[in-house]
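Going left to right, the sequence shown walks through residues 10 to 237 as this note's numbering numbers them.
C-beta atoms are modelled at their ideal positions from N, C-alpha and C, and glycine is treated no differently.
Please read these numbers as outputs of a predicted model, since none were measured by experiment.
Comments concern the structure below.
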Amino acid sequence: MKEKNVQHQAEVRHQKKLVLENIKAQEEERKKIAVMIHDDIGNRLNILSLWLNNLDTQGDELIKKNIYDQMSSLIDAARGISHSLYPVNLESVGLVLYVEELIANLSHKINISLQVMTGYEKKDLFIEVQLYRIIQEFTTNVIKHSTATDLWIYMKDYSQNMTVIISDNGQGFDYEQVKKGMGIKNIESRIKSMNATHKWEKTFLNKGSRLIIKIPKHNEFPNQISPD
Ligand SMILES: Nc1ncnc2c1ncn2[C@@H]1O[C@H](COP(=O)(O)OP(=O)(O)OP(=O)(O)O)[C@@H](O)[C@H]1O
Ligand SMILES: [Mg+2]
Numbered sequence: 010m011k012e013k014n015v016q017h018q019a020e021v022r023h024q025k026k027l028v029l030e031n032i033k034a035q036e037e038e039r040k041k042i043a044v045m046i047h048d049d050i051g052n053r054l055n056i057l058s059l060w061l062n063n064l065d066t067q068g069d070e071l072i073k074k075n076i077y078d079q080m081s082s083l084i085d086a087a088r089g090i091s092h093s094l095y096p097v098n099l100e101s102v103g104l105v106l107y108v109e110e111l112i113a114n115l116s117h118k119i120n121i122s123l124q125v126m127t128g129y130e131k132k133d134l135f136i137e138v139q140l141y142r143i144i145q146e147f148t149t150n151v152i153k154h155s156t157a158t159d160l161w162i163y164m165k166d167y168s169q170n171m172t173v174i175i176s177d178n179g180q181g182f183d184y185e186q187v188k189k190g191m192g193i194k195n196i197e198s199r200i201k202s203m204n205a206t207h208k209w210e211k212t213f214l215n216k217g218s219r220l221i222i223k224i225p226k227h228n229e230f231p232n233q234i235s236p237d
């Protein structure tokens, strides 16, 4: 019995490690592509647009304007792809400001309020990347599926864990019934990768949806896993 139990635990540990390594490898790959788009395409386009702006094209104002408009949208597109692949500046900016930027970018689509309770401290980069991705996917789902007008993000630090609650006032969905896509699967594997627990709930008299995540502090994360 005891031996079987030990064997089972080793198997569970192994599976968990595979999941974590998989997420980490994906993240590394995305980072490489994102940095390439950001630094290479993005910066080149910026230089080109500066150059274009200084070019003496008097009499060709319309052409100049058209190219300039195209340039701006190319720059935005490159930035958009890069950000969705990997949150390039997250490390320097930190999760809170990064989420604020996301909120500003989506302000024409949905009203998002971010509430960070006092005492909140910056987290390990791994955690911040996972949380950003979860918020990003949840938000995308809300915009895509819920017809909500408002979305709330709440973060609070406790001594043993950190709580994150994301909710919307849309039509809501039944977790058991709904056909899960990559979005929810990714959210859940990211939650698992932080050794966190979670709960999906319905809000507002069965309208709206809510995701509650509790992330333990003092944890062993994949970036601390030994290479054996
Ligand atoms: N905030 C929400 N409000 C209402 N319905 C939702 C919400 N989030 C998810 N859903 C429902 O859950 C389903 C599964 O979501 P999930 O993100 O896994 O897949 P998806 O958004 O359909 O596709 P993708 O793989 O591109 O994310 C959605 O199709 C939608 O029906
Ligand atoms: Mg989705």
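Counting C-beta pairs closer than 8 Å gives three or more between the segment 30-50 and the segment 81-88, which meets the contact rule. Shortest Cα-Cα distance from Glu-137 to any of Ser-202, Asn-31 and Ser-116 involves Ser-202. At least one heavy atom of ligand 2 lies less than 6 Å from the C-beta of Gly-192. Under DSSP, no beta-bridge partner is assigned to Asn-114. The beta carbon of Asn-170 sits no closer than 6 Å to any heavy atom of ligand 2.
For the 7 Å CB-CB criterion, Gln-186 and Thr-156 do not form a contact.
Within the DSSP bridge table, the entry for Ser-176 names Trp-161 and Arg-219 as partners. Sequence-distant partners of Asn-55 (beyond 5 residues in either direction) whose C-beta falls short of 7 Å from its own C-beta, in its chain, are Ile-84. Between the alpha carbons of Asp-133 and Arg-199 lies a gap of roughly 14 Å.
Between the alpha carbons of Lys-189 and Glu-130 lies a distance of about 33 Å. Of the residues Thr-127, Ser-101, Gly-103 and Ile-196, the one whose Cα lies closest to the Cα of Thr-148 is Ile-196. Counting the other Cβ atoms within 10 Å of the Cβ of Gly-217 gives 16 or more, which makes it buried. Straight-line measurement puts the Cα of Ile-112 at about 22 Å from the Cα of Gly-51.
With fewer than 16 other Cβ atoms from the protein chains shown falling within 10 Å of its own Cβ, Ala-34 counts as exposed. At least 7 Å separates the beta-carbon of Lys-165 from that of Met-191.
The C-beta distance from Val-173 to Leu-123 rounds to 11 Å, too long to meet the 8 Å contact threshold.
Within the DSSP secondary-structure output, Met-171 pairs in a beta bridge with Asp-166 and Ile-224. For Phe-182, the closest of Lys-211, Thr-158 and Ile-162 by C-alpha to C-alpha distance is Lys-211.
The C-alpha of Ala-205 lies about 32 Å from the C-alpha of His-117. When the beta-carbon positions are compared, Tyr-107 and Leu-115 stay at least 7 Å from each other. Not one heavy atom of ligand 1 lies closer than 6 Å to the C-beta of Ser-82.
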